[in-house]
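Numbering (the numbering used here), first residue to last: -4 to 286.
This is the structure in structure tokens:
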């Protein structure tokens, strides 16, 4: 605001970094130096110009970057300059079977993601884990250091198959496994992509390309599975038509045979009754002669 003092600007910027962006630290001393006004310049380093601000975050790596967007004239007036580029920490991940101890695979990653080690599973790790920020009051700098007990960390994962098995045939093993992974911005690894500046847009291109590649691959897999299901449906439709035709022929044959049997018994019954009628007439004729 127009009437903000230097202290007001420091407070508002610190509040935005710590509370709104979540780029602060648990250490209050560190947070108090995330936005520093240089009233007493030093002979070397980034604090050599009096009357300038040093703005930084307490998170290491690209996730701790700050980007400014707004009216270009205002940004030019502020004369913002990058004094230190961010770099992600490199993490070596070793995956073993928790029951047997057998090695499954290893991967060295600098983008917080482990792909291809466990089939069908992408692991998202925090490359900033066990890295803390400390304020060096002697040199007036913010330093990142690895915790003393952070050489190796063990985590146990319980992997559950969330795929759906579709029975597509009458026999055992004739099934189709369908699995759709998480395809939101977090699952695709683009939840922290910002396009507020040309440099950030350039950095976002590989992440967006990777996300598009994942979506295309999953769409192709789903398309192949749909074709398989449609082929199965067509086969079942033909089989149903054949079954209906066979049943109709069987029913027609049964009706004809039963009608022939019924007619035969009907003729035999009528013949028997005619013979009985004739047999009954003979005694009557004998009685008539006796009279």
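Note that the Cβ used here is the ideal one computed from N, Cα and C, for glycine as well.
Computed from a predicted structure; not experimentally measured.
Selection from the options that minimises the alpha carbon distance to residue i
i	options	result
residue 35	277, 94, 211 and 49	49
residue 136	0, 27, 98 and 210	27
residue 187	10, 33 and 62	62
residue 130	256, 23 and 178	23
residue 94	224, 75, 152 and 258	152
residue 92	222, 113 and 108	113
residue 177	251, 139 and 210	210
residue 212	234, 133, 237 and 175	175
Bounding residues of the alpha helix (DSSP H) (the contiguous stretch that carries residue i)
i	result
residue 7	1 to 10
Span of the beta strand (DSSP E) around residue i
i	result
residue 173	170 to 173
residue 24	Looking at the DSSP string, residue 24 is not in any beta strand (DSSP E); the run it does join, the alpha helix (DSSP H), is 23 to 27.
residue 51	That residue, residue 51, is in no beta strand (DSSP E); it is neither H nor E in DSSP.
residue 190	Counting along the chain, residue 190 falls outside any beta strand (DSSP E), and DSSP gives it neither H nor E.
residue 136	136 to 141
residue 38	Here residue 38 belongs to no beta strand (DSSP E), and DSSP marks it neither H nor E.
residue 86	86 to 91
Local Cβ density within 10 Å of residue i, reported as buried at 16 or more and exposed below that
i	result
residue 2	exposed
residue 44	exposed
residue 100	exposed
residue 255	exposed
residue 52	buried
residue 54	buried
residue 46	exposed
residue 12	buried
residue 5	buried
residue 42	buried
residue 109	buried
residue 269	exposed
residue 25	buried
Cβ-Cβ distance between residue i and residue j below 7 Å
i	j	result
residue 102	residue 88	yes
residue 30	residue 9	yes
residue 170	residue 156	no
residue 141	residue 119	no
residue 59	residue 18	yes
residue 163	residue 104	no
Any non-hydrogen atom of the ligand PLP closer than 6 Å to residue i Cβ
i	result
residue 232	Of ligands this structure carries none, so the ligand PLP is not represented either.
| query | On the three-pair Cβ rule with 8 Å, is the segment 167 to 186 touching the segment 199 to 213? | reply | yes
| task | Please determine if the segment 215 to 235 and the segment 190 to 199 are in contact, where contact requires at least 3 C-beta pairs separated by less than 8 Å. | result | no
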